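Visitor: There's a structure below that I have some questions on.
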Amino acid sequence: MKNLSTYSTDELRAILYEKAADEQKIYISRLKSLTPEQIIESSYEKVIRDDILSIFENEDISRAQTLELLKLKEPLADCYARWLHNDYSHMDMLRDTIEEFANDLFKHNAQKKKSKNYRSER
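Numbered according to our numbering, the sequence shown spans residues 6 to 127.
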């Protein structure tokens with residue numbers, strides 16, 4: 006591979022994605038050799054790693070960030086390890102989603118009931 010500085014940012018992102026995709030293929034191959042219970046225990050990691058891979062493919066990661074990630078032997082595993090040690094909680098996001106959904110259902114059903122009552126009064 007030629008010097009990474011000679012590649013465009015888009016090319017670097019593609020290289021990072023390919024490197025991480027290959028890493029994920031190896032990870033999934035390893036999962037396939039595990040027992041069903043071990044696979045279930047690994048399901049959270051697999052999902053998060055898939056999400057990280059998706060970010061590598063679809064998000065605009067800066068050139069400097071991409072170059073730093075390319076220096077890692079296993080950027081996917083390292084990003085996953087970092088994810089496990091951050092303070093962000095996907096549970097908070099899930100709670101917010103459930104709360105918003107329940108509120109939307111309540112509003113929808115209240116409007117439906119109001120509309121039904123209005124029609125029966127006529």
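The beta-carbon is built from N, C-alpha and C at its ideal position, and this holds for glycine as well. This structure is a prediction, so every number in the text was calculated from the model and none was measured.
Mind checking which residues open and close the alpha helix (DSSP H) that includes K37?
Guide: In the sequence shown, the residue the question calls residue 37 occupies position 32. Taken as a continuous stretch (DSSP letters only), the alpha helix (DSSP H) holding K37 covers 14-37.
Visitor: Quick one: Cα of K30 to Cα of K117, how far?
Guide: In the sequence shown, the residue the question calls residue 30 occupies position 25. In the sequence shown, the residue the question calls residue 117 occupies position 112. Roughly 49 Å between the two C-alpha positions.
Visitor: So is P41 buried or exposed if we call it buried at 16+ other beta carbons inside 10 Å?
Guide: The residue you call residue 41 lines up with position 36 of the sequence shown. Burial call: exposed.
Visitor: With 16 other CB atoms within 10 Å as the buried threshold, where does K81 fall?
Guide: Taking the first residue of the sequence shown as position 1, residue 81 is located at position 76. Per the sequence shown, the amino acid found at residue 81 is Leu instead of Lys. So L81 counts as buried.
Visitor: Counting only runs that start and end within the stretch 52-86, where is the beta strand (DSSP E) found for 3 or more residues in a row?
Guide: With a minimum length of 3 residues, no continuous beta strand (DSSP E) run stays inside the stretch 52-86.
Visitor: Classify T71 as buried or exposed, calling it buried when 16 or more other Cβ atoms lie within 10 Å of its own Cβ.
Guide: Residue mapping note: residue 71 aligns to position 66 of the sequence shown, counting from 1. Burial call: buried.
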